[in-house]
Amino acid sequence: MPGMKPGPDSIGIVAISRTCSGVAARACGLVSLEPIKIAEILKDRPSWFRDCRSLEVFTMFPAGNGGTIELVYMQMYAPTTLAPARNFWTLRYTTRLEDGSLVVCERSLSGSGGGPNAATAHQFVRAEMLPSGFLIRPCDGGGSIVHIVDHLDLEAWSVPEVLRPLYESSRVVAQKMTTAALRHIRQVAQEMSGEISYALGRQPAVLRTFSQRLSRGFNDAINGFNDDGWSIMGGDGAEDVVIATNLTKKSSVHTDSVSTLPRPDGVICAKASMLLQNVPPALLVRFLREHRSEWADYNIDAYSATSLKAGSCSFPGLRPTRFSGSQIIMPLAHTLENEEFLEMVRLESQALIQDETVISRDIHLLQLCSGIDENAVGACFQLVFAPIDELFPDDAPMLPSGFRVIPLDHKTDGLNSNRTLDLASSLEVGCATNQNCGETSPSDCSLRSVLTIAFQFPYEVHLQESVAAMAQQYVRTIVSSVQRVAMAISPSRLASNVGDKLLAGTPEAVNLSRWICHSYKQLSLWYQLAKI
């Protein structure tokens with residue numbers, strides 16, 4: 007096909023529609039798998055489509071030409087707390103052509119009936135899948151050429167106007183669904199061929215399962231579906247921090263049903279969303295990943311880690327812990343184009359017991375990062391993590407928390423994020439930033455994105471109010487920290503419109519200077535404590 011370079015590493019052609027109703031994307035690529043295997047993978051949407059909460063085949067019956075017709079119900083997560091989730095009722099038709107090709111066609115049923123669970127119907131908006139599907143042609147000598155078409159009407163009217171670009175963009179559909187499907191089957195093909203080796207001797211499928219669990223757990227926390235056991239406790243009117251509790255999730259926190267450890271009585275989630283202006287999403291997520299001490303409270307991390315490991319929540323009687331300020335990141339796995347990677351993070355610490363003997367209380371986090379690589383193309387940028395036992399068992403309990411930044415304007419920012427990660431030098435980069443803005447249109451330096459934060463904490467029932475208050479205050483503090491970071495890395499903040507540098511007396515310069523000095527004072531204190 008014109009424009010498609012040969013070879014198993016080629017994504018091929020990707021096209022998006024700008025004129026049809028709804029949003030649509032199509033892609034074509036070469037994959038070194040047989041058609042039947044590819045069809046099996048693509049039909050299993052929850053395994054590769056991170057926004058797919060569930061897919062259930064309610065009935066299946068044969069078609070007259072040897073094919074099959076399935077009645078399918080699918081639920082999609084909402085990417086942020088500011089919008090409802092989506093669901094679909096579709097018919098899916100599968101058949102094999104005379105040349106050995108496999109065809110799968112799917113489209114929505116007419117009507118607006120509710121889903122199988124009437125109790126959660128109010129949490130979903132019925133979306134429409136227009137004619138979509140995939141064609142898989144076998145190649146001589148092995149492998150297949152895959153054609154994928156996704157065409158949706160996501161009912162953008164049901165979300166706030168500021169979020170509608172997410173539901174009216176064919177680019178987002180292409181990134182989240184169409185090319186994601188191609189990348190996934192290419193990843194599986196390389197894993198099956200033995201071309202990829204991962205750390206700790208783990209099988210690729212096991213590490214991929216960890217990534218899926220982190221993503222799914224974070225999405226569950228953001229959406230808070232009633233049929234999962236979530237209920238709203240209250241919200242903070244000043245910061246819009248929503249507190250939700252789940253008394254049934256204790257059964258899913260520990261996946262080992264024969265575990266003899268006592269289990270927490272439930273889980274509390276504190277979550278918030280806010281609009282960011284002129285903040286490069288990749289840069290923000292990279293800063294949050296590389297400078298955890300700027301926003302995280304180590305004692306809160308220790309509480310969550312200890313609760314899951316011991317199965318008992320001892321809050322608020324936590325032992326005072328000194329955070330050394332350093333973290334060690336060990337890569338575990340990454341996707342072929344580095345748009346997502348899994349890693350283990352060790353937070354080094356010291357804790358004092360009564361006789362002043364220093365003991366180690368390091369914390370280990372399993373962390374999933376998306377959008378960190380500037381060369382990767384993605385529809386969202388996120389940092390999701392969960393405390394995990396240092397032995398890293400396959401059935402480790404996890405309560406994911408983290409950040410998700412979703413661009414609302416798909417424009418380049420003309421800014422080198424490597425430069426601005428050094429906030430101490432940000433007062434001296436005004437000239438360079440102005441030059442970058444001058445080389446592009448003014449609108450290119452105007453970025454809008456929505457940031458969603460969700461943190462989960464296990465608790466025992468007699469401590470519910472205490473943990474809820476702690477969670478609300480903690481997320482409020484994180485929101486303030488993120489706002490300071492956003493101010494520091496924003497191109498509009500770093501560069502003055504009337505000069506090459508920030509004037510020393512401007513509020514932005516004063517606030518940024520105070521924040522940098524405060525950070526250095528904390529770092530100096532940590533070094534002094536470490537020598538004790």
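Letter 357 of the sequence shown, counting from 1, is numbered 363 in my numbering, and no numbers are missing.
Ideal Cβ placement from N, Cα and C applies to all residues, glycine included.
Please read these numbers as outputs of a predicted model, since none were measured by experiment.
- Annotation for Met66: Thr74, Ile75, Glu76 and Leu77 place their beta carbon closer than 8 angstroms to its own, counting only its chain and skipping 5 residues before and after.
- Within the DSSP bridge table, the entry for His340 names Phe347 as partners.
- A check of alpha carbon separations from Phe398 across Asn229, Ala278 and Ala311 identifies Ala311 as the nearest.
- By the 16-neighbour rule on beta-carbons within 10 angstroms, Asn93 is buried.
- A direct Cα-Cα distance of roughly 8 angstroms separates Val168 from Leu414.
- The distance from the Cβ of Ser114 to that of Thr100 is about 17 angstroms, inconsistent with a contact at the 8 angstroms cut-off.
- Secondary structure note for Glu296: its alpha helix (DSSP H) is the uninterrupted segment Pro287 to Glu296.
- Between the stretch 122 to 130 and the stretch 138 to 158 there are fewer than three C-beta pairs closer than 8 angstroms, too few to call the two in contact.
- Following the DSSP letters along the chain, one finds Tyr173 inside the alpha helix (DSSP H) bounded by residues Arg170 to Tyr173.
- Comparing alpha-carbon positions, the option among Arg367, Phe216, Leu172 and Ser138 lying closest to Phe347 turns out to be Phe216.
- Between the stretch 21 to 30 and the stretch 77 to 91 there are fewer than three C-beta pairs closer than 8 angstroms, too few to call the two in contact.
- Listed in chain order, the non-local C-beta contacts of Ile249 below 6 angstroms within the same chain comprise Met239, Gly240, Ala276, Ala474 and Gln478, local neighbours out to five positions each way being set aside.
- For Gln373, the closest of Ile335, Ile42 and Glu201 by C-alpha to C-alpha distance is Ile335.
- Rounded to whole angstroms, Leu371 and Pro406 show a C-alpha spacing of 10 angstroms.
- In the assembly as shown, His468 is an exposed residue. Its beta-carbon has fewer than 16 other beta-carbons within 10 Å.
- Proximity to Trp301 across Ile42, Ile22 and Ser486 peaks at Ser486, based on C-alpha coordinates.
- One thing to note: Val110 has its Cβ no nearer than 8 angstroms to the Cβ of Val37.
- Taking all protein chains in view, the Cβ of Ala339 is crowded by 16 or more other Cβ atoms within 10 Å, so the residue is classified as buried.
- Scanning its chain for C-beta atoms nearer than 7 angstroms, with the 5 sequence neighbours on each side dropped, one finds around Thr254 the residues Gly235, in chain order.
- Taken through DSSP and simplified to helix, strand or coil, Phe64 comes out as strand.
- Only residues of its own chain outside the window of five on either side were considered, and among them Ala227, Val273, Cys275, Leu405 and Ser407 have a CB closer than 6 angstroms to the CB of Gln462, listed in chain order.
- The Cβ-Cβ distance between Val247 and Arg482 falls below 8 angstroms.
- Beta-bridge annotation (DSSP): His157 is paired with Ala30.
- Going by DSSP, Ile142 is part of the beta strand (DSSP E) stretching over Ser138 to Pro144.
- By the CB criterion at 8 angstroms, Tyr173 and Ala162 fall inside the cutoff.
- Beta-bridge pairing by DSSP links Gln462 to Cys275.
- Cα atoms of Trp54 and Leu61: separation of roughly 12 angstroms, rounded to the nearest angstrom.
- Where Val467 is concerned, there is no enclosing alpha helix (DSSP H), because DSSP gives it neither an H nor an E.
- Asn71 and Arg295 have their alpha carbons spaced roughly 54 angstroms apart.
- An exposed status is given to Gln209, since fewer than 16 other beta-carbon atoms sit within 10 Å of its beta-carbon.
- Annotated three-state conformation of Ile484 is helix, per DSSP.
- In the three-state scheme derived from DSSP, where H, G and I count as helix and E and B as strand, Gln373 is classed as strand.
- In the three-state scheme derived from DSSP, where H, G and I count as helix and E and B as strand, Pro41 is classed as helix.
- Exclusion of the five residues before and after Ser164 leaves Val131 as the residues of its chain whose Cβ lies within less than 6 angstroms of its Cβ.
- Taking 8 angstroms as the cut-off, the Cβ atoms of Ala402 and Leu220 do not count as close.
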